[in-house]
Amino acid sequence: MTVAENKPLTREVYRMVLKGDVSAFTAPGQFLNLKLEGRFLRRPISLCDLGEDSAAIIYKVVGQGTAQMAAMQPGEKLDVLTGLGNGYDLADAGEAPLLIGGGVGVPPMYLLAKRLRAQGKAVHALLGFNKASEIFYEEEFRALGCTVTIATADGSYGVRGFVTDALPKSYSYYYCCGPEPMLRAVYKTAKGSGQLSFEKRMGCGFGACMGCSCKTITGYKRICKEGPVLRKEEIAWED
Amino acid sequence: MTVAENKPLTREVYRMVLKGDVSAFTAPGQFLNLKLEGRFLRRPISLCDLGEDSAAIIYKVVGQGTAQMAAMQPGEKLDVLTGLGNGYDLADAGEAPLLIGGGVGVPPMYLLAKRLRAQGKAVHALLGFNKASEIFYEEEFRALGCTVTIATADGSYGVRGFVTDALPKSYSYYYCCGPEPMLRAVYKTAKGSGQLSFEKRMGCGFGACMGCSCKTITGYKRICKEGPVLRKEEIAWED
Amino acid sequence: MGRLSVDLCGITLDNPVIPASGTFGYGYEFAGLYDINCLGTFSFKGTTRHPRFGNPTPRIAEAPAGMLNSVGLQNPGVEKVISEELPKLKKCFRKPVMANVSGFSVEDYAYTCALLDKEEQVGWLEVNVSCPNVHGGGMSFGTDPKAAAQVVRAVKAVTKKPVILKLTPNVTDIVSVALACQEAGADGLSLINTLLGMRLDLRTRKPILANTMGGLSGPAVFPVALRMVYQVAGAVSIPVVGMGGVSSAADVIEMMLAGAAAVEVGAANLTDPFACKKIIDDLPAEMDKYGIERLSDIIGGGHAWEKT
Amino acid sequence: MGRLSVDLCGITLDNPVIPASGTFGYGYEFAGLYDINCLGTFSFKGTTRHPRFGNPTPRIAEAPAGMLNSVGLQNPGVEKVISEELPKLKKCFRKPVMANVSGFSVEDYAYTCALLDKEEQVGWLEVNVSCPNVHGGGMSFGTDPKAAAQVVRAVKAVTKKPVILKLTPNVTDIVSVALACQEAGADGLSLINTLLGMRLDLRTRKPILANTMGGLSGPAVFPVALRMVYQVAGAVSIPVVGMGGVSSAADVIEMMLAGAAAVEVGAANLTDPFACKKIIDDLPAEMDKYGIERLSDIIGGGHAWEKT
C-alpha cells in the first residue's frame, strides 16, 4: 500500500492513511500488519477507519519500529497484510452501546462507533488517557454524533481517574480496547456483557506460529486469528 | 553524500556521481566505501573522476548490493567513507605513460589520465573489454587527448584478444588496473616498470581488520591501506 | 521428474522446498492463501503424545535479521492430530506430509510415532530432539549422541516410514550427533533447529520472552546453518534436509550445494505467508543464472573442490 | 567516577565501551580519526608467540546483519608488538590497554603472557581460547573445560595482571567452561567470540572464504551473545565482559542488564569507524530514557526478577 498521510495527533501519537486494496477488511477491531525496512517481524496495528480504497491507523511511537513509521513520507510504499483477525460483532450492540477505549485502544473504537452510528445506535464513547496533552479524537467521536466522556489519570481533563471511574449508569452492551490492566478492570467493574480486544506480541499475525495463543473458557485461542476480539464470557485471565 | 547522477553506460555498467565533501581524496587509484541499506559490509568502489564537491564512480551490477545501487535515484543520501587507500604515484610516469585498464578496472585510469594529461604527458590508454557491447569511456579518454587502443576478447571491436595482445612497443612507464588474471598477464608481459591496482574482499576498507592482507616482497600489505596500488617491484604473487 | 524434483528417503518431491515445522501449522491456514500442493511437502506443527498449551506469552521477540520464539510445542496431542487435523489437511493437500514429533521420554517418541506410522498421509517422521524451548525436554536428547541414538532406535522399531532426525545447533560437535543417529538407523537428518537466544526489555529489565530464552531463527542464522549442513553432509551418507534462515531461491541453492537434499523454510513463512510459493516460482530463473539444469545435480556440489 | 564509569578487575574504566580485538588493530588506525582516549579501553589485535600472516584470502564474507571473517590471527608476534606497536600506541593512548593473546599450546600462552606482563601499558590480559579460525588451534582449548583451565593456570603463573578468558560460543555448555576457568583462577571472562559459519559462492560453487569456514559476528549474533552472557554471569562470581553484535548504546545497556561489567564492540567498528565514539556519546541520553543514574548500578539487573 502507499502512504497517503502521516501526521502527529499528539507528541507521540501519529495517524497514517494508507491507500490500496482494503477489501479484505470485514469488521472494526481487525488489524493490519506492516513490514518495515530493516525490521524482521511485521508490526500489527488495529484499523481506525476505512475508506473505499484507504485504511487509517493510529500508532504511538514507542520503539525503533514506530519511530521509523513516524518518519515515513506520503508516497512511500509499504508491504501490508490486511483484514487480519476477528473483529467486533455489532449484532450484540443493543440500542445504546458503550465504547470504551484507552490510549492506543481508542482508534478501533472509532470505526466501530461509525458503523454503530450508521445503524442509528446511541453510542457513548468513554475514552481514557494519561493526561490532557495525550488526548486525541475527542472531536472526531462527537462529529459522529456520539456522546463522549474523557477520563484522564492525572485529572488534567474530564473525569479524574481511569475509564472505570467514569462508567455510565446504563448502556445496552460494551465494547472495549486498551492495555491489559484496563481490560481487566473493565471486565471486573463494567455491568452486563461485552467484547474486549486484546494485544499480544505476535509472530506472523495470521494464525501460523502460535506465538500469541491464550487460554479461554472455550479452549486455546490465537489473539491474531480467533482474536483480537474476545467475548467477555469466554475470557479466562491467565494467572 | 548525495546521489547526483546514476545512469547506465552499458547493460550492466553504471556511472554514479556523488555530491559532497571529497577533500579526503589525494590521488587517482583511491576508492570510496559505500554503506547500502540492509547490507552489513560497505562496498568499496574506486574513484573514476573528481570534481570540486563531487566524485564519480563506475560500477558493474554483479550482486544484490550493486543491483541496489543501480536502483538509486538522484537525491538519495548515501553514507560514504572517502579518500581510502593508497593511489597511483604520478612521479614515475615519465613522458609517455601507458595506462592499462580492464573492465571495471578502466574507471580509475580515467582520473589518472586526466591528471597526467594536465601535466602534459603523452598518455596511451589501453582498454580491455569482453565484447563491443561492454565498452565504455573510449570517447572520454580520447577527449582527454589520450591515444586509445581497445582490445576485446571476442574481437568484436578493436584488437582481438587481451590487453597483453595490444601492448605498444614503447612507453615510459605503465599503470594497470583490472581483474587479477589480467594483472598477472601484464606483470609477466609488459616491459619496464609500473604500478598495479589490486582488488580483494574487504572488511572495513580502512586498515583495521586485516581482511584484505597480501604478502609482498616488502612485507605484509593491506590492499585497503598500503594498497590498492602496489609497485611491480614489490608484488609477490600468492599461489 | 522436473528440473526441481529431488528424492527424499525414497519419496520424490516435485521441488525441495518444505515449510518447516511450527511455521506452517497443519497447512490449512496457508491453503486459504494459495494451493499448497505446489510445495515439495511440509512439516506439520510439532506433535507430542499429550496435548500441550506450550509456554506462557510473550512467546515472540524481534531480533536483527531474525526472531526469537518460545512457543513450546503447543499442539492438540497426537490423537487429536490424527482424528481432526489430518482429515482437514487431506482436503487441501494430496502429497505425503512430514510429521514432526517431539517428546520428553523415549517412550513418548515411540508412542507418538507408532500412531503416526499408521497414517498413509504421513510420508516421513521428522523426529525433533532439539526443541530448545522446553525445560528438561527435547534439548537433552539432541545434545548427547547416545540419547539421540536411543530415540532413533526406539522410533525405528515402531515405524517403516523414513525417520528424519532434526538436530539442534546448540552443540560443540554436531557431526558426532549426526553420525550416532545414522549409526542407529536414521534414514535422514534435518538441521538446524533454532539457536538458543534471549532479549531483555530495557524498560522492565526482564526477559522479553516469558520463558526467558527462546530459539533464534531467520536470515541471521543462515551462515551457521550452512556451515553445519556442510559439515554433516560431508560426514554422513544419509540425506540431509537443510534449514536455518532460508528465505530466497538463492539460499535454497546455497544449502543444496552445501549438501542438502531438500530445504526447509521456517521464519520466512511468518513474515511473508507466500514465501515458499515465491521461492519455488523463483527457482528456475535462479538456476539459469548459475547454469543449473536440474537441482538434483547440485546436491553437495559445494564439496567438489575438496577433491581437487 | 562519572555516570558511565565501571570497574573491571580492579581497574576503573571511564565507560564500559571496549573495541574488541581484531576490529581495532593496535589503535592508531583509529587514533587518526578521533581521540581514542574517549574509550574505556580497547583490546588489541590478537597476538601470538610467533609472527603470523594468518589465513589466505578471501578472509571476509557478507552475512545477513553480520559478516564472516577468517583472518586467522595475523600479527607480527609478541616481540614486535612490544618493540614496535606498544611504543606507537603510547603516543595516542594513555590508558591501560587490554592485551589479547592467542596460542597453539599451553606453553605459547605462557610465553606470550609472560612477556606482556612486563609492559606497564597493559592493564589486562585477554586470553583467547576460542578463535575459530585456526585449524587445531585456539578452538580446542575453549571447547574443553579442562583444557581451558590448563591455559588459565599456566597464564596466571606468569602474570600478576588480571587475566580475562575469552570464551567461544561454539559449545554445548558454555557455563561449564566458564566455571572451570573461574575455578582455575581467571579474574574475568569475556564472551562471545564469533559463531562458526560459512558461505558458498553460487558461481564458483566453492566456499567464499579461502579457509572454508569463518567466524560470524555482527548484530545477527546479539541474541545468542546476550543469552550466553546472561547464563554465565548468573553462574560465576568474576566479572564478565559481554560482546557479540553490540552496535548501539541500547545494546550496551541490554548486555549490562544481562550481567556484563563492560562491553566489547566488534564488527560495528568495521562498518563505522566512529561506532564506539558514537555509542559512548549516546549512552547518557539512552540511560535517561530508562531512568539509569549510573551504569554500574544496572550490571546484572536483568536477573533481579528471578529472585521475586
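Protein chains in written order, with our numbering: chain Y, 1 to 239; chain P, 1 to 239; chain Z, 1 to 308; chain D, 1 to 308.
Every residue, glycine too, gets a C-beta built ideally from N, C-alpha and C.
Against chain Z, the beta carbon of E233/Y has no neighbour under 7 Å; the closest one sits roughly 20 Å away. Q119/Y sits in coil when the DSSP states are folded into three classes, being neither helix nor strand.
Put simply, of V3/P, C224/P, V186/P, Q30/P the residue whose alpha carbon is nearest the alpha carbon of G101/P is V186/P.
The C-beta of A249/D comes no closer than 8 Å to any C-beta of chain Z. Not flagged as an interface residue toward chain D: R11/P, since no C-beta distance is shorter than 8 Å.
Under the 8 Å Cβ criterion, the stretch 59–71 of chain Z counts as touching the stretch 205–219 of chain Z, having at least three qualifying pairs.
Residue state for A61/D is assigned as strand, using DSSP reduced to three classes.
Residue range 54–60 is occupied by the beta strand (DSSP E) that includes I58/Y, with no alpha helix (DSSP H) assigned at that position. Within chain Y, the residues whose beta carbon sits less than 7 Å from that of R59/Z are G211, listed in sequence order. In chain order, A180, C181, E183, A184 place their CB closer than 7 Å to the CB of A149/Z, counting only its own chain and leaving out the 5 sequence neighbours on each side. Under DSSP, V71/Z shares a beta bridge with no residue. Identification of residues in the stretch 146–174 of chain D having a C-beta nearer than 7 Å to some C-beta of chain Z yields N170, V171, T172, given in sequence order. Counting only residues of its own chain and dropping the five nearest sequence neighbours on each side, E286/D has a CB closer than 7 Å to the CB of A249, A250, I253. Among the residues of chain D, those whose CB is under 8 Å from the CB of A208/P are T23, F24, G25, E29, F30, N269, L270, P273, following chain order. For L195/D, the enclosing beta strand (DSSP E) covers residues 195–197.
By the C-beta criterion, the stretch 102–109 of chain Y is judged to be in contact with the stretch 166–186 of chain Y, since at least 3 inter-stretch pairs fall below 8 Å.
Under the DSSP definition of a beta bridge, L200/Z partners with P207/Z. For A236/P and R43/P, the gap between their C-alpha atoms comes out near 26 Å.
In this structure A304/Z is exposed. Its beta-carbon is surrounded by fewer than 16 other beta-carbon atoms within 10 angstroms. Straight across, the Cα-Cα distance linking L116/Y with E76/Y is about 33 Å.
The continuous stretches of beta strand (DSSP E) do not include N269/D, which lies in the alpha helix (DSSP H) extending over residues 268–271. Around the Cβ of A157/D, a 10 Å sphere holds fewer than 16 other Cβ atoms; the residue is exposed. Nearest to V232/D by C-alpha distance, out of D173/D, L195/D, C92/D, I280/D, is D173/D.
Per DSSP, the unbroken alpha helix (DSSP H) holding T112/Z starts and ends at 106–117. In chain order, L126, L127, G128, F129, G158, V159, R160, G161, F162, V163, D165, A166 place their CB closer than 8 Å to the CB of A151/P, counting only its own chain and leaving out the 5 sequence neighbours on each side. Looking at the DSSP output, Q195/Y sits in a beta bridge with Y175/Y, R231/Y. Taken through DSSP and simplified to helix, strand or coil, I298/D comes out as coil. Scanning chain Y for C-beta atoms nearer than 9 Å to the C-beta of Q74/Z yields M210, S213, Y220, reported in chain order. Identification of chain Z residues near E238/Y by a Cβ-Cβ cut-off of 9 Å yields P56, T57, ordered along the chain. Contact note: E254/Z reaches chain D through R199, L200, L202, using a C-beta cutoff of 8 Å and chain order.
Residues of the stretch 30–49 of chain Y whose Cβ lies closer than 8 Å to any Cβ of chain Z, in chain order: K35, R39, F40, L41, R42.
The straight-line gap separating the alpha-carbon atoms of T12/D and R201/Y is approximately 40 Å.
Residue state for L33/D is assigned as coil, using DSSP reduced to three classes. Here the alpha carbons of L230/Y and T218/Y stand approximately 11 Å from one another.
Across the structure, R142/Y and V123/Y are spaced so that their CA atoms are roughly 10 Å apart.
Residue pairing from DSSP places S217/D in a beta bridge opposite M67/D.
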